[in-house]
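**Student:** Residue numbers (this note's numbering): 214 to 467.
First the structure, then my questions, so here it is.
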């Protein structure tokens, strides 16, 4: 019995020793005062080793960009659709200049710092669109006064202005076809808004303005949804919104 116990205990000690050797076999020290460190067979001078530096994590500035776009486009849609009989755009102008314009452009600059070329291009571009839209409706800039004697030219000029932005928006739409359904819907409805409202200014067709307002409301809601998806997680809410990723189609042929 004693020999069996001693054998089993010695076996346990030996196995523990082997485990300790294995756990410490990847790192060892050599030389005077342990000046060399051997890590997985590689010998390195000890003074060369440094502690890893902490990497600062920046916040997701795309969230505030989407939030500013969503709110401003949503309110603009109500104005264009003349919901509640509102036809004076002054409230929209205040949002366009501050929240949608300045904040969205700043979010784009921060995305540029983060290295996201697409997002920065979109936010800076549309941020400046909102500022220019507000400038048209601010009397101090004198843009509308310049066309006081030619109101038809003013309508065509704004129509061409919106047409150009619609083409740019279509270009950006092609770059979100592998992202999420909310972003794709946002851009598609935004494209429709630019072209419909541009057609209204060029032709005077009131139905185009109403339709453009409806598509703007949908685009704003999609912006809010994308914003929420980029912020929500299990740490801050019980309501996790699905991102609804678009399936990526690949060519299976060799």
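The C-beta atom is built at its ideal place from N, Cα and C for all residues, glycine as well.
1) What is the DSSP secondary structure of residue 334, counted as helix, strand or coil?
2) Is residue 385 helix, strand or coil by DSSP?
3) Distance, Cα to Cα, residue 348 vs residue 310?
4) Below 8 Å, can you find three or more Cβ-Cβ pairs linking the region 356-374 to the region 248-256?
5) I need the straight-line Cα distance from residue 428 to residue 463, nearest angstrom please.
6) Quick test of your reading: residue 335 and residue 375, contact by CB under 8 Å. State the CB separation rounded to the nearest angstrom.
7) Mapping the DSSP letters down to three states, classify residue 301 as helix, strand or coil.
8) Would you mind reading off the limits of the alpha helix (DSSP H) that contains residue 252?
9) Compute the Euclidean distance between the alpha carbons of residue 294 and residue 414, then round it to the nearest angstrom.
10) If residue 343 and residue 317 are in contact, beta carbons under 8 Å, what's the gap, nearest whole angstrom?
11) For residue 396, I'd like the list of residues in its chain whose CB is within less than 7 Å of its CB, leaving aside the five on either flank, ordered along the chain.
12) Along the chain, where does the alpha helix (DSSP H) containing residue 320 start, and where does it finish?
13) Can you grab the Cα-Cα spacing for the pair residue 291 / residue 322, in whole Å?
14) Taking C-beta to C-beta, are residue 444 and residue 287 nearer than 7 Å?
15) Going straight from the alpha carbon of residue 366 to that of residue 398, what length do you get?
16) In terms of residues, what are the limits of the beta strand (DSSP E) holding residue 243?
17) Considering only residues of the same chain and omitting the five flanking positions on each side of residue 341, which have a CB-CB separation below 7 Å?
18) Just grab the DSSP bridge partners of residue 393 for me.
19) Our contact map puts residue 312 next to residue 284 with C-beta atoms below 8 Å; I'd like the distance itself, whole angstroms only.
20) Can you tell me whether residue 257 is helix, strand or coil according to DSSP?
21) For residue 400, count the other beta carbons within 10 Å of its own beta carbon; 16 or more makes it buried, fewer makes it exposed. Which is it?
22) In its own chain, which residues sit with a C-beta less than 7 Å from the C-beta of residue 379, not counting the 5 before and 5 after it?
23) Less than 7 Å separating the beta-carbons of residue 393 and residue 432?
24) State yes or no: is the C-beta of residue 461 within less than 7 Å of the C-beta of residue 391?
25) Enumerate in chain order the residues of its own chain whose CB-to-CB distance from residue 329 is below 8 Å, with the five nearest sequence positions on each side excluded.
26) Leaving out five residues before and five after residue 434 in sequence, what residues of the same chain have Cβ atoms less than 8 Å from its Cβ?
**Tutor:** According to the data block:
1) Here residue 334 sits in helix by DSSP.
2) The DSSP-derived three-state label of residue 385 is helix.
3) Their Cα atoms are separated by approximately 8 Å.
4) No: the two stretches stay apart, fewer than three of their Cβ pairs being nearer than 8 Å.
5) Computed Cα separation, rounded: 31 Å.
6) Not quite, the Cβ-Cβ distance comes to about 17 Å (not below 8 Å), so this is no contact.
7) Looking at residue 301 - three-state DSSP - the assignment turns out to be coil, as it is neither helix nor strand.
8) In the DSSP annotation of this structure, residue 252 is not part of any alpha helix (DSSP H); the continuous beta strand (DSSP E) holding it starts and ends at 249-252.
9) So the alpha carbons of these two residues sit roughly 14 Å apart.
10) Contact between residue 343 and residue 317 holds, since their C-beta atoms are separated by about 7 Å, short of 8 Å.
11) In chain order, 389, 439 place their CB closer than 7 Å to the CB of residue 396, counting only its own chain and leaving out the 5 sequence neighbours on each side.
12) Counting along the chain, residue 320 sits inside the alpha helix (DSSP H) bounded by residues 317-327.
13) Going by the C-alpha atoms only, they are around 29 Å apart.
14) The beta carbons of residue 444 and residue 287 sit no closer together than 7 Å.
15) A direct Cα-Cα distance of roughly 33 Å separates residue 366 from residue 398.
16) Segment 240-243, the beta strand (DSSP E) holding residue 243.
17) The residues are 318.
18) Note: residue 393 sits in a beta bridge opposite 458.
19) About 6 Å; that satisfies the 8 Å criterion.
20) Residue 257: strand per DSSP, three-state reduction.
21) Answer is buried; the Cβ neighbour count reaches 16.
22) Excluding positions up to five away in sequence, the list reads 404, 407, 408, 411.
23) No, these two residues do not count as a Cβ contact at 7 Å.
24) Yes, these two residues count as a Cβ contact at 7 Å.
25) Hits under 8 Å: 275.
26) Excluding positions up to five away in sequence, the list reads 283, 287.
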